[in-house]
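The letter at position 30 of the sequence shown is residue 30 when you use my numbering, and the numbering goes up by one with no holes.
Glycine included, each C-beta is placed from N, C-alpha and C at the ideal position.
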Amino acid sequence: MKKILAALAATGFLTLSAYAADVQGTVQSVDPATRTIALDDGTVYTAGEGVDLAGISAGASVTLTIDDTTNEVTSVEAQM
């Protein structure tokens with residue numbers, strides 16, 4: 001019984017870390033020093049350490065993937 005409960009608990013923790021949401025918008029500004037991306041709707045997101053901000057600039061249409069647990073950007077995809 002303890003093994004079953006431990007397995008269920010471990011599975012629950014793994015699935016919690018997998019939740020993410022995609023946000024689409026137009027970049028208003030990017031600040032590499034603070035790792036923030038501001039969208040044209042006024043929302044400001046903080047990018048995680050592994051996210052490359054070099055190719056992102058104001059005016060770009062992007063899809064940001066946001067980790068629901070940390071509320072950080074985990075990936076940025078430019079829209080064409």
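Segment limits, beta strand (DSSP E) that includes residue i
i, result
"Q79", "Looking at the DSSP string, Q79 is not in any beta strand (DSSP E), and its letter there is neither H nor E."
Inter-residue spacing [alpha-carbon to alpha-carbon] between residue i and residue j
i, j, result
"T34", "T46", "8 Å"
"A38", "Q28", "5 Å"
"I66", "G48", "10 Å"
"T69", "D41", "22 Å"
"G59", "A20", "24 Å"
"Q24", "S57", "15 Å"
"S61", "G55", "12 Å"
"S75", "P32", "15 Å"
Proximity winner among the options, relative to residue i (alpha-carbon distances)
i, options, result
"V73", "D31, G50, S61", "G50"
"T43", "D52, V30, G55", "V30"
(request) Return the chain-ordered ranges of every beta strand (DSSP E) run that is complete within the stretch 21-67 and spans a minimum of 3 residues. (result) 36-39, 44-47, 61-67
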